[in-house]
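Reading through the structure tokens given below for one structure.
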Amino acid sequence: MIMTRKASLFCALIGALVISSCERDNFADETQDYKNVKVLQLSPELTAIRNYVPENAVFAHRGSTFWVPEETEAAFRWARNIGADYIEADLQITKDGVILALHDYELKRTSDIENIFPDREFLPASSFTYEELMQLDAGTWFNDARPEQARASFSTQKQYISTLEDMIMIAQGMRIKRDPVTQERIYSKVTNADGTVKYTFEYEPDPMDNGHRPGIYIETKEPWVNPGIEAALYTELDRLGWNILTQPEPNNNQFYTDTDGSQKVNVGNTNGKVILQTFSLESLRLLNGIFAGKVPTCFLLWLGNGPTDMPNDDPRTYAEFINFGIENNAVFMGPSIAGAPNKYPELLKPWQSELMHKSGVAIHAYSFDTREQMGQYYGEYFYNNTGENIPNRPLVDGMFTNRAEMTLNFYKEKGVRPIGAAGTALEVLINLGY
Numbered sequence: 005m006i007m008t009r010k011a012s013l014f015c016a017l018i019g020a021l022v023i024s025s026c027e028r029d030n031f032a033d034e035t036q037d038y039k040n041v042k043v044l045q046l047s048p049e050l051t052a053i054r055n056y057v058p059e060n061a062v063f064a065h066r067g068s069t070f071w072v073p074e075e076t077e078a079a080f081r082w083a084r085n086i087g088a089d090y091i092e093a094d095l096q097i098t099k100d101g102v103i104l105a106l107h108d109y110e111l112k113r114t115s116d117i118e119n120i121f122p123d124r125e126f127l128p129a130s131s132f133t134y135e136e137l138m139q140l141d142a143g144t145w146f147n148d149a150r151p152e153q154a155r156a157s158f159s160t161q162k163q164y165i166s167t168l169e170d171m172i173m174i175a176q177g178m179r180i181k182r183d184p185v186t187q188e189r190i191y192s193k194v195t196n197a198d199g200t201v202k203y204t205f206e207y208e209p210d211p212m213d214n215g216h217r218p219g220i221y222i223e224t225k226e227p228w229v230n231p232g233i234e235a236a237l238y239t240e241l242d243r244l245g246w247n248i249l250t251q252p253e254p255n256n257n258q259f260y261t262d263t264d265g266s267q268k269v270n271v272g273n274t275n276g277k278v279i280l281q282t283f284s285l286e287s288l289r290l291l292n293g294i295f296a297g298k299v300p301t302c303f304l305l306w307l308g309n310g311p312t313d314m315p316n317d318d319p320r321t322y323a324e325f326i327n328f329g330i331e332n333n334a335v336f337m338g339p340s341i342a343g344a345p346n347k348y349p350e351l352l353k354p355w356q357s358e359l360m361h362k363s364g365v366a367i368h369a370y371s372f373d374t375r376e377q378m379g380q381y382y383g384e385y386f387y388n389n390t391g392e393n394i395p396n397r398p399l400v401d402g403m404f405t406n407r408a409e410m411t412l413n414f415y416k417e418k419g420v421r422p423i424g425a426a427g428t429a430l431e432v433l434i435n436l437g438y
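Residue numbering for the sequence shown follows the numbering used here, starting at 5 and increasing by one per position.
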């Protein structure tokens, strides 16, 4: 809309205090007016860090929430062997300092805690020691919740609440070492003089490892949920050899390699092996300070009423979030997409994609669970259309997905990645012994 002379004078007199609200009045047609907002640009140094990560990458969300109990050994082994570029997980920390791969603050949804600790079933994971958490069954619930994907082995082959170390070791071709009789995981524990605890977990080469070496895509939550986890994460990645600040990879761009005559994912052997992600403004600041903006980082977006949510998705607000991300050295933005089955808020309209791409960041959107969603945001629906508002590139540069097998094959069919899924989802599960 065209501002009246009175409104223009009002803006000029009041100045910076009301400029943003007056500018908002100009955004009558957001598909056009997004072009008027300013976004910061990635520096050459940040662009180089962005390029540590392959384009059109597939991020196996929690391993998978569709085929396997999420964020378990079964989920991570499946995601590795299916051929995902990255295994994705959320991070939390136990009372005794073990970093977990666990989404929910509580354990009730994805374990049998009500049977093992009935008086503590609603307490956060951070109130338990890892030794306590090892008593829980993190697999059987899935068979009850998703009977169409149920497999007896998810219960009989005990699935543990995973650790970050489990996730990394599985990405490297290992599996949890278990007692041959009880099938319990093998570990030792030492309590130090200062009261801190050191666990030593044992692993063994996975006999069904097929040679893919994915990276990890790990999310920190609000700092008040897990105080100090950002610093603990730096230390743990360093201990496990996955901190590129202290142990950079000499060859950082060989995302796929030819092994035994077949191409394999090699992201886990590059400087793009770790991507950090968070919705939290404060955690993003902390990650930036601790990792010095040298590790690829994604700023996740959510439309809502929370203290760190986007309050609305008009062009100016969107630009503010992009700029906050870049100011804190994020090189990826992670908007939600619409559509079944999740029905998240739509934060990846064509103009929003163009605004992000204008800044130089790449877009890692969540979560792709249907072929229709993949086609829509890749740009299939724009073909044979004309007009200045039609994007000339896909809206998205990488997909978080619970159907990694589908997304891998989608990108392979588009000719933008060299390899698809290693087999059907069920074939990979059966091959792994599930």
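Backbone N, C-alpha and C define an ideal beta-carbon position, used for all residues, glycine too.
Query                                                                                                                                                        : Result
Are the CB atoms of proline 315 and glycine 276 nearer to each other than 8 Å?                                                                               : no
The beta strand (DSSP E) with lysine 193 in it runs from where to where?                                                                                     : 191 to 195
Just the C-alpha distance for phenylalanine 121 and alanine 197, rounded to the nearest angstrom, thanks.                                                    : 29 Å
Classify serine 357 as buried or exposed, calling it buried when 16 or more other Cβ atoms lie within 10 Å of its own Cβ.                                    : buried
Given this structure, state the Cα-to-Cα distance separating serine 166 from glutamate 331, to the nearest angstrom.                                         : 33 Å
Quick one: which unbroken beta strand (DSSP E) runs of 3-plus residues sit fully inside the region 270 to 300? Chain order, please.                          : 278 to 282
To the nearest angstrom, how far is it from the Cα of aspartate 89 to the Cα of asparagine 214?                                                              : 14 Å
By DSSP, does lysine 418 sit in helix, in strand, or in coil?                                                                                                : helix
Since tyrosine 164 sits in a beta bridge, which residues does DSSP pair it with?                                                                             : Bridge partners of tyrosine 164: none, in fact.
For the 8 Å Cβ check, are there 3 or more pairs between the region 83 to 101 and the region 204 to 223?                                                      : yes
Quick one: Cα of alanine 425 to Cα of serine 192, how far?                                                                                                   : 37 Å
So for lysine 202, helix, strand or coil by DSSP?                                                                                                            : strand
May I have the straight-line CA-CA distance separating threonine 76 from glutamate 253, to the nearest angstrom?                                             : 28 Å
Which residue's Cα is closest to the Cα of alanine 149: Thr274, Arg124, Thr114 and Leu244?                                                                   : Thr114
Looking at the secondary structure, which residues open and close the alpha helix (DSSP H) in which glutamate 92 lies?                                       : Not the alpha helix (DSSP H): glutamate 92 falls in the beta strand (DSSP E), residues 90 to 97.
Locate the beta strand (DSSP E) running through glycine 338, then write down its first and last residues.                                                    : 336 to 338
So, at 8 Å on beta carbons, what are the nonlocal neighbours of threonine 263 in its own chain, with the 5 sequence-adjacent residues on each side left out? : Gly215
Pull up the CB-CB distance for glutamine 281 and glycine 338, whole angstroms please, since I reckon it's below 8 Å.                                         : 6 Å
From valine 400 to tryptophan 82, what distance separates their C-alpha atoms?                                                                               : 24 Å
Under 8 Å between the Cβ atoms of glutamate 238 and isoleucine 294?                                                                                          : Checking the sequence, you will find tyrosine at residue 238 rather than glutamate. Yes, Cβ-Cβ distance for tyrosine 238 and isoleucine 294 is below 8 Å.
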